[in-house]
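Below: one structure, written as structure tokens.
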Ligand SMILES: [Zn+2]
């Protein structure tokens, strides 16, 4: 199966070709851990989960690295504003280290509840300061840096390709609305690699460096850690579209300047999850977390189902009504898969009937065409409703699709809605059992049909037969 992906670098849909046969190096910009992830943040990790599952489904071995930003992330994408970790620590009366540990755990818990696969490795920024210093030294040796006001800056004028992936219009940027507050910068696109002159009082996280005691700029962590674990040239880098103009642009500039070669082959970005009122924002407060959905009675997988209903490159608007309809669709799925499981076992994927095979091929086409998950959900329902597909095949194919969808279908059980059985019905049920024993399948089927017509399913379980409303 060839996986086609939309590459932000070049804005083109193209077949994925790995650098090393059968292997994928995948880097995803992880969370900043000064607060809970909001459901908009979680959309990015969900998209990356689908991408990774699809690559694995296509047979690749994926090395998936995600950073945890536990230092140096400022309240502005540039180098202005306040360090978010320090702000949160002050507000909550905790140390910055405790804040980072607490919200890292909360993030991992959220992703577990959404059935997002764990990365091969989480890399914490604070555990990789040495690697960042080494990369800044390399940039310094190659003449890409300058020191001003005590901080080390990346000199973007030395990197002519700056902003190529983001299609930044340099002229526009220079005269644009963004005000350059930092007087030490020679150019508006320059950015800090290492801070020593902290504008923030009581900076708790500082490290020794050749330029003095200080801490790294935000962008350098992703370059240093991805190169350490995936090499200086790897396959795929992901993140939200908001990272394109600054964070990813700066990551490319410093990585390619330091290593002197192309860094990443495919850039994949997801669109926002919006509220009716607009963009969700962590720093502005008032955002929804996964826990807030759970407290309203939703299962985290209802939210997963909801996200699958939108293509990752389209904006998706969150409303309680749409989450409600995802929850009810998932409830139907539980009943459907649960009742199939009660009555049969999954068949073999090698011996599928023609209809089942073509349903699975449609699904494969859709997921490998830039991860068209809304079409994939439709394929799943098409399969389950197809009278030409046997129950065994339905289960086998649904479980196969679930390797990508991640809805945990193999755990689904029909909710217990047993109906009380009248004496008359019990006689019929006993008669059916007797008929089956005598291999009188016609009579057994007739009795099943009688119940069927009345809107009941006969369920044979180890504790005997019971009735369930359809
Ligand atoms: Zn990053």
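Numbering (the working numbering), first residue to last: 1 to 470. We put the CB at the ideal spot given by N, CA and C, even for glycine.
*asked:* Is any non-hydrogen atom of ligand 1 found closer than 8 Å to the C-beta of residue 222, if you look at the structure I gave you?
replied: For this step, residue 222 is matched to residue 222 along the chain shown. Yes, Cβ of residue 222 sits closer than 8 Å to a heavy atom of ligand 1.
*What's the C-alpha gap between residue 394 and residue 356?*
In the chain shown, residue 394 corresponds to position 394, counting from 1. In the chain shown, residue 356 corresponds to position 356, counting from 1. Using only the alpha carbons, I get a separation of about 7 Å.
*When 136, 189, 132, 184 are compared against residue 160, the one with the closest alpha-carbon*: Here residue 160 refers to the residue found at position 160 of the chain shown. Answer by Cα proximity: 189.
*For the stretch 80-98 and the stretch 10-23, state whether three or more C-beta atom pairs, one from each stretch, are separated by less than 8 Å.*
no
_Closer than 8 Å: residue 127 CB and nearest ligand 1 heavy atom_ = Along the chain shown, read from residue 1 onward, the residue named residue 127 stands at position 127. Incorrect: residue 127 has no Cβ contact closer than 8 Å to ligand 1.
*Can you tell me which of 336, 219, 447 puts its alpha carbon nearest to the alpha carbon of residue 191?*
The count along the chain shown starts at 1 and reaches residue 191 at position 191. It is 219.
*With respect to 8 Å, is the separation between the Cβ of residue 269 and the closest non-hydrogen atom of ligand 1 below this value?*
To locate residue 269, count along the chain shown from 1; it is residue 269. No; taking the cut-off as 8 Å, the Cβ of residue 269 has no heavy atom of ligand 1 nearer than that.
*Where does residue 14 fall in DSSP's three states?*
Counting from one through the chain shown, the residue named residue 14 turns up at place 14. DSSP places residue 14 in strand when its eight states are reduced to three.
_Integer Cβ distance of residue 40 from residue 272, believed to fall under 8 Å_ = Reading the chain shown from its first residue, position 40 is the one you call residue 40. Reading the chain shown from its first residue, position 272 is the one you call residue 272. Contact flag correct, Cβ pair sits at about 6 Å.
_Whole-angstrom C-beta distance between residue 261 and residue 232, which should lie under 8 Å_ = Counted from its first residue, the chain shown places residue 232 at position 232. Counted from its first residue, the chain shown places residue 261 at position 261. About 6 Å separates the two Cβ atoms, so the contact holds.
*Indicate whether residue 87 and residue 34 have their beta-carbon atoms separated by less than 9 Å.*
Position 87 of the chain shown, counted from the first residue, corresponds to residue 87. Position 34 of the chain shown, counted from the first residue, corresponds to residue 34. Yes, these two residues count as a Cβ contact at 9 Å.
*Is residue 64 near ligand 1, with its Cβ less than 8 Å from a heavy atom?*
Locating residue 64 in the chain shown gives position 64, where the first residue counts as 1. The answer is no for residue 64.
_Going by DSSP in three states, residue 477 sits in which element: helix, strand or coil?_
Look at the range of the chain in this structure, 1 to 470, and you will see that residue 477 is not part of it.
*Is the beta carbon of residue 236 less than 9 Å from the beta carbon of residue 5?*
In the chain shown, residue 236 corresponds to position 236, counting from 1. In the chain shown, residue 5 corresponds to position 5, counting from 1. Yes, they are a contact pair.
*Cβ atoms of residue 428 and residue 447: under 9 Å apart, would you say?*
On the chain shown, position 447 is the one that residue 447 refers to. On the chain shown, position 428 is the one that residue 428 refers to. Yes.
*Kindly provide the ranges of any alpha helix (DSSP H) runs that are 4 or more residues long and lie completely inside the stretch 33-103, ordered along the chain.*
39-57, 84-92
*Since residue 148 sits in a beta bridge, which residues does DSSP pair it with?*
As a position in the chain shown, residue 148 is number 148, starting the count at 1. Paired residue(s): 151.
*asked:* Counting beta carbon pairs with one atom in the stretch 396-415 and one in the stretch 303-317, are three or more of them shorter than 8 Å?
replied: yes
*Would you kindly check if the distance between the Cβ of residue 354 and the Cβ of residue 387 is under 9 Å?*
Reading the chain shown from its first residue, position 387 is the one you call residue 387. Reading the chain shown from its first residue, position 354 is the one you call residue 354. Cβ atoms of residue 387 and residue 354: not closer than 9 Å.
*asked:* Rounded to whole angstroms, what is the Cα-Cα separation between residue 322 and residue 330?
replied: Position 322 of the chain shown holds residue 322. Position 330 of the chain shown holds residue 330. Those two C-alpha atoms are separated by around 12 Å.
*Got a sec: does ligand 1 put a non-hydrogen atom nearer than 8 Å to the Cβ of residue 41?*
Translated into the one-based positions of the chain shown, residue 41 becomes position 41. Incorrect: residue 41 has no Cβ contact closer than 8 Å to ligand 1.
*For ligand 1, is there a heavy atom less than 8 Å away from the beta-carbon of residue 227?*
Here residue 227 refers to the residue found at position 227 when the chain shown is read from its first residue. No.
*Would you mind sorting residue 8 into buried or exposed? The rule is 16 or more other CB atoms within 10 Å of its CB.*
Indexing the chain shown from 1 puts residue 8 at position 8. Buried, by the Cβ-count rule.
*Kindly identify the DSSP beta-bridge partner or partners of residue 266.*
Counting from 1 along the chain shown, the entry for residue 266 is found at position 266. Paired residue(s): 236.
*In whole angstroms, what separates the C-alpha of residue 457 from that of residue 449?*
By one-based count along the chain shown, residue 457 stands at place 457. By one-based count along the chain shown, residue 449 stands at place 449. Residue 457 and residue 449: Cα-Cα distance of roughly 9 Å.
*Can you find at least 3 beta carbon pairs, one from the stretch 119-138 and one from the stretch 60-74, that sit closer than 8 Å?*
yes
*Is DSSP giving residue 318 helix, strand or coil here?*
On the chain shown, position 318 is the one that residue 318 refers to. The answer is strand: DSSP assigns residue 318 an E or B state.
_By alpha-carbon positions, which one of 108, 204, 63, 25 ends up nearest to residue 94?_
Within the chain shown, residue 94 is the residue found at index 94, counting from 1. Among 108, 204, 63, 25, the Cα nearest to that of residue 94 is on 204.
*For residue 135, does the count of other Cβ atoms within 10 angstroms reach 16, so buried, or fall short, so exposed?*
Position 135 of the chain shown, counting from 1, holds the residue named residue 135. With 16 or more Cβ atoms within 10 Å of its Cβ, residue 135 is classed as buried.
*Cβ of residue 25 within 8 Å of any heavy atom in ligand 1?*
Along the chain shown, read from residue 1 onward, the residue named residue 25 stands at position 25. No, ligand 1 has no heavy atom inside 8 Å of this Cβ.
*Count the other CB atoms within 10 Å of the CB of residue 19; is the residue buried (16 or more) or exposed (fewer)?*
Walking along the chain shown from the start, residue 19 turns up at place 19. Residue 19 should be labelled exposed.
*Just how far apart, CA to CA, sit residue 251 and residue 121?*
Here residue 251 is taken as the residue at index 251 of the chain shown, counted from 1. Here residue 121 is taken as the residue at index 121 of the chain shown, counted from 1. One C-alpha to the other measures close to 20 Å.
*Look at the Cβ atom of residue 338, then the Cβ atom of residue 412, and state whether they are nearer than 9 Å.*
Here residue 338 refers to the residue found at position 338 of the chain shown. Here residue 412 refers to the residue found at position 412 of the chain shown. Closer than 9 Å, so yes.
*Would you report the Cα separation of residue 454 and residue 422, rounded to the nearest angstrom?*
Position 454 of the chain shown, counted from the start, is the residue given in the question as residue 454. Position 422 of the chain shown, counted from the start, is the residue given in the question as residue 422. Answer to the nearest angstrom: the Cα atoms are 14 Å apart.
*Enclosing beta strand (DSSP E) for residue 465 [first to last residue]*: Within the chain shown, numbered from 1, the residue matching residue 465 stands at position 465. Segment 464-469, the beta strand (DSSP E) holding residue 465.
*How far does the beta strand (DSSP E) with residue 428 in it reach, from first residue to last?*
Within the chain shown, the letter at position 428 stands for residue 428. Where residue 428 is concerned, there is no enclosing beta strand (DSSP E), although the alpha helix (DSSP H) it sits in stretches over 423-437.
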